[in-house]
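Written out below as structure tokens is the structure these notes cover.
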Amino acid sequence: MEIAPVRFSFQSPLLIWDIDGTLIEAKGTGRRALNSAFEAIYQVPEAFNELDFAGASDHDLWEQARSRYAPNATATQAPHFFREYLPRLSDELSKNPLNPLPGVVGLVAFLSQIGWPLALGTGNVRAGAYRKLSRAGLANYFPGGGFSEPGQSREAMLQLVHRTQGLGRPAIVIGDTPTDIGAAHAGGIPVIAVATGRFPEDALRRAGADAVLPHLKCRSDFIDAVLWLLQR
């Protein structure tokens, strides 16, 4: 069914989305693929099992695993590591299909149809992000964004997305971890936090989220949160 255009009296915002725990339930696919790649190269099993993935970038996780278990490896080996990782991620996704979190498909489809631009702001490497989103049927809604890059902080990544894709629009980050909140605020971007990952609503409020939602099932609640942030 075609949705009639919705008109607002303000410039539509750039909505910058985290992936894991916000758009999709990752089910440990990335961790298993990272473990497999690391073991293939460095003969160390389960190197990523004790690392905290909440809000971390793939490159941050690689650096932590490298410093703990392969201290003689150098940062220049990161491209080789991620070349090993990507086919393993595809294998994991073929065995463990990802589903969008409840309400996500309807919400992003609606936002796209009313002309609100969507971008990614994720800790995944680019190719990994789109493998995950493709398996979940969401890739076409997100034409670009920011991804894990060596030496780049999440704060800098979000600022870059806003600057290059916002075209002067206000931006809002949607994420599920205190790290998402802190990185967005460091760049002066407000956050709608969703309690669809590891962190409950009260933890997200304590972390300073500008608005907190229990989930994305209710489109009107999300729109109300966006409008409230834009009109503050």
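Taken in order, the sequence shown gives residues 342 to 573; the numbers are from our numbering. Ideal placement from N, C-alpha and C gives every residue a C-beta, glycine not left out.
A Cβ-Cβ separation of about 4 Å places ALA525 in contact with VAL514 under the 8 Å criterion. VAL445 is not a Cβ neighbour of LEU402, given a cutoff of 9 Å.
Under DSSP, TRP569 takes part in no beta bridge, so it has no partner. Within the same chain, SER353, PRO354 and LEU356 come within 7 Å of TRP457 by CB-CB distance, once the 5 residues on both sides are set aside.
Under the DSSP assignment, TRP358 falls in the beta strand (DSSP E) whose first and last residues are 355 to 358. When rounded, the separation of the alpha-carbon atoms in LEU557 and LEU508 is 26 Å. Rounded to the nearest whole angstrom, the CA to CA distance from PHE483 to VAL553 is 23 Å.
With a minimum length of 4 residues, the unbroken runs of alpha helix (DSSP H) contained wholly in the region 500 to 560 fall at 519 to 527 and 542 to 547. Within the same chain, and ignoring the five residues on either side of PRO438 in sequence, the residues whose Cβ sits closer than 7 Å to its Cβ are ARG476. Residue burial is scored here from C-beta neighbours: PRO519 has at least 16 other C-beta atoms within 10 angstroms and is therefore classed as buried. Straight through space, the alpha carbons of VAL466 and HIS421 are spaced by roughly 13 Å. As for any alpha helix (DSSP H) of minimum length 4 sitting wholly inside the region 392 to 435, the runs are 399 to 410, ordered along the chain. As computed with DSSP, LEU459 is found in a beta bridge with LEU356. Per DSSP, GLU366 lies in no alpha helix (DSSP H) and is assigned neither H nor E. In the three-state scheme derived from DSSP, where H, G and I count as helix and E and B as strand, GLY485 is classed as coil. For GLY447, the enclosing alpha helix (DSSP H) covers residues 445 to 454. Excluding its 5 nearest sequence neighbours in each direction, GLU391 has no C-beta neighbour in its own chain below 7 Å. As the crow flies, the alpha-carbon of ALA381 is around 30 Å from that of LEU461. Among the bridge pairs identified by DSSP, PRO441 is matched with ILE365. Take the alpha-carbon of PHE540 and the one of LYS368: they are about 16 Å apart.
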